[in-house]
Every structure is written in structure tokens, then in C-alpha cells.
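Working notes for the structure below.
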Amino acid sequence: LTLATALLSAPAWADEVAYYREGQQLNPVDVATILGGTTQPRVKTRSIHLFSGDATPSESAAQAAPTAPPARALSLQVRFSFGSAEIADVARPQLDALAAGIRMLPAERAVLVEGHTDVIGSDAYNRELSHRRAEAVKRYLSAAHGIDPDRLLTAGFGKSRMIAGLDPTAAENRRVQFRGL
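Its first residue numbered 3, the sequence shown is counted upward by one per residue in the working numbering.
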């Protein structure tokens with residue numbers, strides 16, 4: 003039921019994904035924060051607020067720019083060998099940092115591993131390939147980092163969930179996303 007709910011509501015989360023490019027450093031604390039659905043504790047500080055004109059402090063605060071919703075999922079461009087589910091060595095550092103973040107989560111917290119592709123190839127081929135890649139990431143996280151495979155659920159979406167505003171053949175669409183459940 004939890005997996006079905008996550009899959010059905012995932013399109014509503016489309017704008018709440020933290021995208022990491024290949025080779026971009028991934029902080030395990032950020033991973034735990036995103037997948038755990040929590041916010042990082044704020045550090046208490048003292049500050050000076052400057053107010054212009056006749057604005058009251060509450061009016062000045064209301065004029066502040068709105069903040070973006072916190073990410074509820076993270077996306078990595080995990081590189082695989084062409085047409086296969088073999089994880090390239092260049093992808094391992096990000097997956098290692100991801101694993102460190104998952105280990106920070108409570109043991110009962112599950113993570114959905116989603117495979118995505120670009121539009122090249124048939125629907126059936128891309129769905130199957132994206133699922134095999136999600137399974138390969140699950141196996142890596144379990145074998146290399148001791149994460150209980152029962153905590154890692156997989157889904158292959160193929161080319162059904164492109165990143166809005168990108169060329170459908172863009173490399174960024176070939177990704178693995180992770181959602182805390």
C-alpha cells in the first residue's frame with residue numbers, strides 16, 4: 003500500500019526533487035534530511051535587521067522572498083554501461099554517499115529507488131531497462147554497504163517521467179531517483 007501510494011502521488015512531487023549532476027558531491031546529512039522528510043535543525047544566531055522607510059518589522063518580513071518547498075526526493079545521474087544495468091565506477095562515490103545517508107535513517111524507513119530513461123527506445127524496452135538499473139542500484143547499496151534489501155523498493159518508469167523543460171533525449175533524463183517512504 004505504501005509503495006502504491008508513493009507511485010501514485012510521485013508526479014505531484016515533481017518540483018520537489020534535488021537534482022545532482024554526475025560527479026557532484028553528495029552530503030550524507032542532506033540525503034538523510036531529504037529521504038527522512040525532516041528539516042535540518044536551525045542554528046540560533048543573533049542578527050541585525052535593517053528596515054527601510056516606514057515599514058514595520060512584520061511588513062518587512064512579509065516582503066521577503068518565498069522559500070522553495072523542501073526536496074522530498076533526490077535524483078542522481080548514475081552512469082551505466084550503454085544498454086545495460088552495469089553501474090560505471092564513476093557513479094560509485096555518489097552512491098556511497100547516498101548509502102551513508104540512508105544508514106542515518108531509522109531502520110524502519112524504506113526508500114524507493116526509481117529508474118528513469120530518456121526517450122530513445124521503445125516504451126517496453128525503457129521500462130525494463132530502468133527497472134533493471136534500479137535493481138542494480140539496490141543490489142549495490144545492499145552488497146557494498148549492508149543496507150537491508152527489504153528497505154529498498156524499486157520501480158522502473160522508463161521514459162514516462164521526463165524532467166520538465168529538458169530535451170527528451172537529454173542525459174539528465176537518464177537518472178535514478180530516491181524517495182523516502
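All C-beta atoms in this analysis are idealised placements derived from N, C-alpha and C, irrespective of residue type, glycine included.
- When DSSP states are grouped into helix, strand and coil, R181 belongs to the strand group.
- Residue burial annotation: D150 is exposed, with fewer than 16 other C-beta atoms found within 10 angstroms of its C-beta.
- Rounded to whole angstroms, the gap between the alpha carbons of V31 and V19 is 16 Å.
- For L131, no beta strand (DSSP E) encloses it; the enclosing alpha helix (DSSP H) starts and ends at 125–147.
- Counting only the Cα atoms, R94 lies some 13 Å from S144.
- Only residues of its own chain outside the window of five on either side were considered, and among them A34, L37, G38, V113, G182 have a CB closer than 8 Å to the CB of L107, listed in chain order.
- Under DSSP, A20 forms a beta bridge with L76.
- Counting only residues of its own chain and dropping the five nearest sequence neighbours on each side, A99 has a CB closer than 8 Å to the CB of Q27, L28, N29, P30, V33.
- The DSSP-derived three-state label of I36 is helix.
- Between the alpha carbons of F180 and A73 lies a distance of about 11 Å.
- F84 places its beta carbon 7 Å or farther from that of R135.
- Closest in C-alpha terms to G160, from the list L168, I122, D91, Y142, comes I122.
- Judged by DSSP secondary structure, L97 falls within the alpha helix (DSSP H) whose first and last residues are 94–105.
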